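What follows is a set of notes on a single structure, which appears directly below.
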Amino acid sequence: MGRVVVVGSGIAGLSAALRANTLGHDVTVVTKAGASDGSTRHAQGGIAAALFPDDSVDAHIADTVRAGAGLNVREAVEALCSDGPLRVGELIALGAEFDRDGDALARGLEAAHSSARVLHAGGDATGAELERALIAAVHAAGIPVVEGAFLDDVIVEDARATGVSLRIGGAPLRLAADAVVLATGGWGRLYAHTTNPPVATGDGVAAAWRAGAVLADLEFTQFHPTALYRPDAGSAGAFLVSEAVRGEGAVLRNARGERFMTDVHPDAELAPRDVVARGIAVEMAAQGGRPVLLDATALGGAFLARRFPTIDAATRAAGYDWAAHPIPVTPAAHYAMGGVATDTEGRTTVPGLFAVGEVACTGTHGANRLASNSLLEGLVYGHRAAEAVDLPWTDEPPAWVREAAVASPSPATRAASRPFDRARLGDLLWEAAGVHREGARLSAAAAELAATALPEPGEDADLLTLGRLVVAAALSREESRGAHFRSDFPLPAEGAAAHTVLIPSSSSAPSAALTRPTRSEVPAAC
Ligand code: SIN
């Protein structure tokens with residue numbers, strides 16, 4: 000049995016840790032802040048799984064693929080939806096307490112689901128309950144959790160991941176490992192407006208890039224349609240108003256009080272998330288940038304307080320009575336569909352390095368993630384990666400990676416002229432690579448990012464790296480698909496949809512399998 004280091008302590012990392020521990024590995028979890036400071040705790044709506052007699056795994060697969068706009072990797076979706084019910088059952092056995100209707104599990108409906116299959120806990124506090132149950136299980140299993148440990152790098156020796164270098168309170172620490180599991184979450188903090196917590200700075204994907212791992216589909220950022228509009232939110236971020244609120248019947252209105260999603264999509268407010276986010280952005284532009292309104296008043300104050308206690312408290316704290324009046328909402332960056340390219344066992348293109356959860360790109364979500372599939376992804380793929388630790392490493396990247404188009408970011412240097420400014424980076428990404436994109440704006444952003452000096456290693460450097468990679472990927476995709484909308488290429492390209500990969504010059508992936516005519520080598524320092 001080997002030594003496994005899991006970087007990250009959300010649902011993906013803790014699931015991997017628990018399974019690896021059960022299989023007899025020597026497991027350590029490291030995490031850069033407090034164990035529960037990541038995105039999992041903030042997840043509201045719930046976790047989707049085909050657990051009910053009027054539902055099926057096939058229906059869940061079909062909904063996931065429909066929302067993903069034709070870019071999903073079929074076997075990854077099948078793994079997610081088929082393993083889902085079993086893994087959720089284990090989570091319940093572990094002590095996670097989901098809401099119930101009498102003896103039965105309560106279930107909610109969310110956008111683009113053909114049936115109500117979303118389990119929730121504490122009304123709208125699902126992530127908090129799952130994080131609680133998993134942390135308790137990890138502590139009970141005696142797995143060490145090292146908090147405050149920032150990931151400087153994945154150590155690669157002889158083209159294989161052999162550990163991690165960390166910084167704890169400024170002091171360096173190296174941990175050797177037979178397998179490194181990245182479960183560091185996403186990079187919503189790259190954007191000026193995001194539902195993500197402050198820790199979501201893309202450290203894992205940036206470290207994987209420096210380690211030579213192939214990245215995929217970074218252009219696909221999901222913008223959640225309904226974050227509470229708070230111009231003074233600052234570092235608190237944009238407060239999420241769950242899609243489950245629309246699932247229960249709330250509607251969107253423009254400044255004149257008119258519903259507008261009914262003119263955009265047959266499913267109106269319950270259309271796929273990218274469609275609703277764009278519908279809102281168009282409506283906001285037409286009303287001079289003012290937010291649209293989420294009208295939940297028909298649901299009644301008692302129901303809202305019982306079903307959505309977290310949102311009820313947050314909206315009231317912000318000065319709104321959502322039972323009496325519609326509340327202002329806007330889209331905000333919410334989730335990264337792309338990440339470190341992996342197969343269905345979480346294996347990256349660097350032997351010994353796994354990636355699970357939001358940091359990974361299995362291709363499951365395609366161009367737009369189906370609501371409440373993210374907690375499920377962490378649960379399923381954390382478990383699958385742990386099971387694969389002892390499997391022989393496959394030499395070839397998965398077919399969808401080999402068949403992808405290649406994007407190349409411009410290289411970065413510490414000597415570049417423009418000083419780094421995190422707020423400017425957020426505004427730039429929001430304007431150029433936000434809900435609506437356009438080639439000239441993306442090119443200007445790429446030039447500005449290339450001229451920006453790379454800060455010393457840390458969150459800022461990781462965010463700048465991500466910014467360059469996201470913009471390069473968005474520039475290279477000359478079509479509109481799912482969450483990636485280009486006003487200069489407003490339609491999907493004809494023919495089969497291809498994924499986008501970014502290949503660092505230090506990539507250990509078999510070069511013959513990944514070399515493309517468009518490929519240009521880029522320095523790993525980017
Ligand atoms: C929400 O509750 O709307 C967010 C759930 C998700 O991102 O899947």
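Each residue of the sequence shown is one higher than the one before, counting from 0 in numbering that gives the first Met the number 0.
Cβ coordinates follow ideal geometry from the N, Cα and C atoms, glycine included.
Only a predicted model underlies this, so the values are computations on that prediction, with no experimental measurement involved.
Note down, in chain order, each residue of its chain lying with its Cβ closer than 7 angstroms to the Cβ of G187, except the 5 sequence neighbours on either side. Your numbering for residue 187 matches position 188 in the sequence shown. Cβ neighbours of G187 beyond the five flanking positions: T193, T194, N195, A199, A332, H333.
Out of G256, I279, Y319, point me to the one whose CA is closest to H264's CA. Within the sequence shown, numbered from 1, the residue matching residue 264 stands at position 265. The shortest Cα separation from H264 among G256, I279, Y319 belongs to I279.
Let me confirm a value: R305 is counted as buried when at least 16 other C-beta atoms fall within 10 Å, else exposed. Which label applies? Taking the first residue of the sequence shown as 1, we reach residue 305 at position 306. With fewer than 16 Cβ atoms within 10 Å of its Cβ, R305 is classed as exposed.
Please confirm whether any heavy atom of the ligand SIN lies closer than 7 angstroms to the CB of L239. The residue you call residue 239 lines up with position 240 of the sequence shown. Answer for L239: yes, Cβ within range of the ligand SIN.
Skipping 5 residues on each side, what residues in its chain have a beta carbon closer than 7 angstroms to that of E520? Along the sequence shown, one-based indexing puts residue 520 at 521. Caution applies to E520, whose pLDDT of 36 falls short of 50 and renders its modelled position unreliable; the model cannot decide the point.
For D25 and A523, the rounded distance between their alpha carbons: In the sequence shown, residue 523 corresponds to position 524, counting from 1. In the sequence shown, residue 25 corresponds to position 26, counting from 1. Its pLDDT being 42, under 50, A523 is placed unreliably in this model, and the value from its coordinates should be taken loosely. Straight-line Cα distance between these residues: approximately 31 angstroms.
Going by the CB atoms, is the gap between S371 and G12 shorter than 8 angstroms? Residue mapping note: residue 12 aligns to position 13 of the sequence shown, counting from 1. Residue mapping note: residue 371 aligns to position 372 of the sequence shown, counting from 1. Against a cut-off of 8 angstroms, the Cβ pair of S371 and G12 comes out as no contact.
Tell me the residue span of the alpha helix (DSSP H) that contains D57. Within the sequence shown, residue 57 is the residue found at index 58, counting from 1. Here the alpha helix (DSSP H) through D57 covers 56-66.
Apply the 10 Å Cβ neighbour rule to M0 and answer buried if 16 or more other Cβ atoms are within range, or exposed otherwise. Residue numbering aside, residue 0 sits at position 1 when the sequence shown is read from its first letter. Exposed: under 16 other Cβ atoms inside 10 Å.
Could you tell me if S479 is buried or exposed, where buried requires 16 or more neighbouring beta carbons within 10 angstroms of its beta carbon? Start at 1 with the first residue of the sequence shown, and residue 479 comes out as number 480. When all chains shown are included, S479 counts as buried.
Beta-carbon proximity list for A139, same chain, < 6 angstroms, skipping 5 on both sides: To locate residue 139, count along the sequence shown from 1; it is residue 140. So no residue of the chain qualifies.
Own chain partners of A431 with C-beta closer than 6 angstroms, once the 5 adjacent residues on each side are dropped: For the purposes of this step, residue 431 is identified with residue 432 of the sequence shown, where counting begins at 1. Taken in chain order, the residues that qualify are R440, L441, A444.
Hey, is G37's beta-carbon within less than 8 angstroms of any beta-carbon in chain C? No chain C appears in this structure, which consists of one protein chain only.
Let me know if E402 comes out buried or exposed under the rule of 16 or more other beta-carbons within 10 Å of its beta-carbon. Here residue 402 refers to the residue found at position 403 of the sequence shown. By the 10 Å Cβ count, E402 comes out exposed.
Can you tell me whether E242 sits near the ligand SIN, meaning its C-beta is under 7 angstroms from at least one heavy atom of the ligand? Counting from one through the sequence shown, the residue named residue 242 turns up at place 243. At least one heavy atom of the ligand SIN is nearer than 7 angstroms to the Cβ of E242, so yes.
Once you ignore the five residues that flank L70 on each side, which residues in its own chain have a CB closer than 6 angstroms to its CB? By 1-based counting over the sequence shown, the position of residue 70 is 71. G365, A366, A496, listed in sequence order.
Would you identify the three-state DSSP class for D151, choosing helix, strand or coil? Mapped onto the sequence shown, residue 151 falls at position 152. Strand, per DSSP.
Exposed or buried, what is S486 when buried is set at 16 or more other beta-carbons lying within 10 Å of its beta-carbon? On the sequence shown, position 487 is the one that residue 486 refers to. The residue is exposed, with fewer than 16 neighbouring Cβ atoms inside 10 Å.
Pick from L474, G33, G494 that is closest to F488, judged by C-alpha positions: Locating residue 488 in the sequence shown gives position 489, where the first residue counts as 1. The shortest C-alpha to C-alpha distance from F488 to any of L474, G33, G494 is the one to L474.
Check L129 in the structure and name its three-state DSSP category. Here residue 129 refers to the residue found at position 130 of the sequence shown. L129: helix per DSSP, three-state reduction.
Within its chain, find whatever has a CB closer than 6 angstroms to the CB of T309; leave out the 5 residues flanking it on each side and keep chain order. Taking the sequence shown and counting its residues from 1, the one referred to as residue 309 is at position 310. Its chain contains D123, A124 as the residues whose beta carbon lies nearer than 6 angstroms to that of T309, once the 5 sequence neighbours on both sides are disregarded; these appear in chain order.
Residue(s) in a DSSP beta bridge with T220: For this step, residue 220 is matched to residue 221 along the sequence shown. Looking at the DSSP output, T220 shares a beta bridge with A335.
Through-space distance from T393 to T361, alpha-carbon basis: Within the sequence shown, residue 361 is the residue found at index 362, counting from 1. Within the sequence shown, residue 393 is the residue found at index 394, counting from 1. Each residue's alpha carbon lies about 15 angstroms from the other.
Identify which residue in E218, I326, R315 has its Cα closest to the Cα of E477. Working through the sequence shown from its first residue, we reach residue 477 at position 478. Of E218, I326, R315, the residue nearest in Cα terms is E218.
Among E386, L374, H435, P408, which residue has its Cα nearest to the Cα of G184? Numbered from 1 along the sequence shown, position 185 holds the residue referred to as residue 184. Looking at the Cα atoms, L374 is the closest of the given residues.
I need the straight-line Cα distance from R315 to V29, nearest angstrom please. Taking the first residue of the sequence shown as 1, we reach residue 315 at position 316. Taking the first residue of the sequence shown as 1, we reach residue 29 at position 30. Their Cα atoms are separated by approximately 36 angstroms.
Residue burial classification, Q221 (beta-carbon count within 10 angstroms, cutoff 16): Position 222 of the sequence shown holds residue 221. Buried, because 16 or more other Cβ atoms sit within 10 Å of the Cβ of Q221.
Whole angstroms is fine: what's the gap from R86's alpha carbon to S114's? Here residue 86 refers to the residue found at position 87 of the sequence shown. Here residue 114 refers to the residue found at position 115 of the sequence shown. In a straight line, the C-alpha of R86 is about 20 angstroms away from that of S114.
Do P143 and T329 come within 8 angstroms of each other at the CB atom, strictly closer than that value? Counted from its first residue, the sequence shown places residue 329 at position 330. Counted from its first residue, the sequence shown places residue 143 at position 144. Contact check for T329 against P143 fails: the beta carbons are separated by 8 angstroms or more.
Taking the alpha helix (DSSP H) that L448 belongs to, which residues open and close that run? The residue given as residue 448 occupies position 449 in the sequence shown. Run containing L448: 438-449, per the alpha helix (DSSP H) assignment.
Can you find the residues in the same chain that come closer than 8 angstroms, C-beta to C-beta, to A511, ignoring five residues on each side of it along the sequence? To locate residue 511, count along the sequence shown from 1; it is residue 512. No answer about A511 holds up, because its pLDDT of 47 lies below 50 and its placement is not dependable.
Cα-Cα separation, A47 to V117: Against the sequence shown, residue 47 aligns to sequence position 48. Against the sequence shown, residue 117 aligns to sequence position 118. Between A47 and V117, the alpha-carbon positions lie close to 4 angstroms from each other.
Check whether the Cβ atoms of M283 and R277 lie closer than 8 angstroms to each other. Walking along the sequence shown from the start, residue 283 turns up at place 284. Walking along the sequence shown from the start, residue 277 turns up at place 278. At a Cβ-Cβ threshold of 8 angstroms, M283 and R277 do not count as neighbours.
Within the present structure, is the beta-carbon of Q43 separated from the nearest heavy atom of the ligand SIN by less than 7 angstroms? As a first step, residue 43 must be located in the sequence shown, where it is residue number 44. Taking 7 angstroms as the cut-off, the C-beta of Q43 counts as close to a heavy atom of the ligand SIN.
In the DSSP assignment, find the alpha helix (DSSP H) that holds A302 and state where it starts and stops. In the sequence shown, counting from the first residue as 1, residue 302 sits at position 303. The residue you asked about is not Ala; residue 302 is Phe in the sequence shown. Counting along the chain, the alpha helix (DSSP H) containing F302 begins and ends at 300-306.
Report yes if the CB atom of V3 is closer than 8 angstroms to the CB atom of V388, and no otherwise. Counting from one through the sequence shown, the residue named residue 3 turns up at place 4. Counting from one through the sequence shown, the residue named residue 388 turns up at place 389. Yes.
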